[in-house]
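Numbering (this note's numbering), first residue to last: 13 to 157.
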Amino acid sequence: MHNEERRICKCSLCDTVVEVLDPCGPELICCGRQMEDVTGHAGSPQREKHILLMDEHDGQTTLRVGINGHENSEKHYIAWIEVLADGKCLRQYITPPQEAKASFQIAAADISAGRCYCNIHGLWRFSAQTMRRTPELAPWAHAQP
Ligand SMILES: [Fe+2]
């Protein structure tokens, strides 16, 4: 299970989101109801707004959300970005007005999958093959200070 994504569940009443680190019991209950599995989106009209853009520079891999970025207001924001790499789960939590990006000291080639969580549009999952990895889409990664 080291290289697998963990199950994420959400309460439809209070919006609590939990991650199952070690599955062993039956269902999860919150507010007196069974929590819903958040399975993640594969394809939808919102995909381009939530796709992970990955770029590597000086041994650091940076991920940003959305072809044209993603809104990051108190009402609509990316809560976290996560990658699975070489048996590790690396997650950056983001709080508005922080930009929806995360940098990890890891080679892009070691990343097998990535996820991000939007408070409005939910969980977005990408394999390394379905993340965008082109400098043309991520010129910020090569900008001079
Ligand atoms: Fe969103």
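The beta carbon of each residue, even a glycine, is placed where N, CA and C say it ideally should be.
Which first and last residues belong to the alpha helix (DSSP H) in which residue i is found?
i: His-62; result: 59-62
The beta strand (DSSP E) with residue i in it runs from where to where?
i: Arg-144; result: No beta strand (DSSP E) holds Arg-144; DSSP gives it neither H nor E.
i: Thr-73; result: 72-77
i: Ser-139; result: 134-139
i: Ser-24; result: First-last for Ser-24: undefined, no H or E at that position.
i: Glu-158; result: Lying before the first or after the last residue shown, residue 158 is absent from the chain, which here runs from 13 to 157.
i: Val-32; result: 29-32
With a threshold of 6 Å on Cβ separation, who are the neighbours of residue i within its own chain once the five nearest residues in sequence on each side are excluded?
i: Ala-125; result: Leu-96 and Ser-139
i: Ile-123; result: Val-95, Ala-97 and Ala-140
i: Leu-25; result: Cys-43
i: Ile-93; result: Leu-75, Gln-104, Ala-114 and Cys-128
i: Thr-28; result: Cys-42
i: Cys-23; result: Cys-42, Cys-43 and Met-47
Cutting at 8 Å between CB atoms, please list the residues of its own chain near residue i, excluding the five before and the five after it.
i: Pro-157; result: Only weak support is given to the placement of Pro-157: the predicted model assigns it a pLDDT of 48, under 50, and the value that follows is read from those uncertain coordinates. No residues qualify anywhere along the chain.
i: Gln-46; result: Glu-39 and Leu-40
i: Gly-78; result: Glu-60, Lys-61, His-62, Ile-63, Leu-65 and Ala-112
Compare the C-alpha of residue i against each of the options and name the closest.
i: Ile-106; options: His-82, Gly-71, Val-30 and Gln-117; result: His-82
i: Tyr-89; options: Leu-64, His-133, His-69 and Ala-114; result: His-133
i: Leu-102; options: Gly-78, Ala-119, Cys-130 and Lys-61; result: Ala-119
i: Arg-137; options: Asp-34, Gln-58, Leu-40 and Glu-86; result: Gln-58
i: Val-30; options: Ile-63, Asp-49, Ala-121 and His-69; result: Asp-49
i: Lys-61; options: Gly-44, Cys-42 and Asn-84; result: Asn-84
i: Arg-18; options: Ser-24, Ala-114, Asp-27 and Cys-36; result: Cys-36
i: Pro-109; options: Lys-87, Asp-34, Gln-117 and Gly-71; result: Lys-87
i: Val-32; options: Glu-111, Ile-63, Ala-112 and Thr-51; result: Thr-51
From the DSSP output, which residues share a beta bridge with residue i?
i: Ala-114; result: Leu-75
i: Tyr-105; result: Trp-92
i: Arg-45; result: Cys-42
i: Cys-130; result: Ile-90 and Gly-134
i: Ala-158; result: Absent from the structure is residue 158, since the part of the chain shown begins at 13 and ends at 157.
Apart from the five residues just before and just after residue i, which ones in its own chain have a Cβ nearer than 7 Å to its Cβ?
i: Ala-150; result: Because Ala-150 sits at a pLDDT of 49, beneath the cut-off of 50, its placement in the model cannot be relied upon, and the following sentence gives the value as read from the coordinates. Correct list, in chain order: Leu-65, Asp-67 and Arg-76.
i: Gln-117; result: Gly-71 and Gln-72
i: Asn-9; result: In the structure as shown, the chain starts at 13 and stops at 157, and residue 9 therefore has no counterpart that could be examined.
i: Asn-80; result: none
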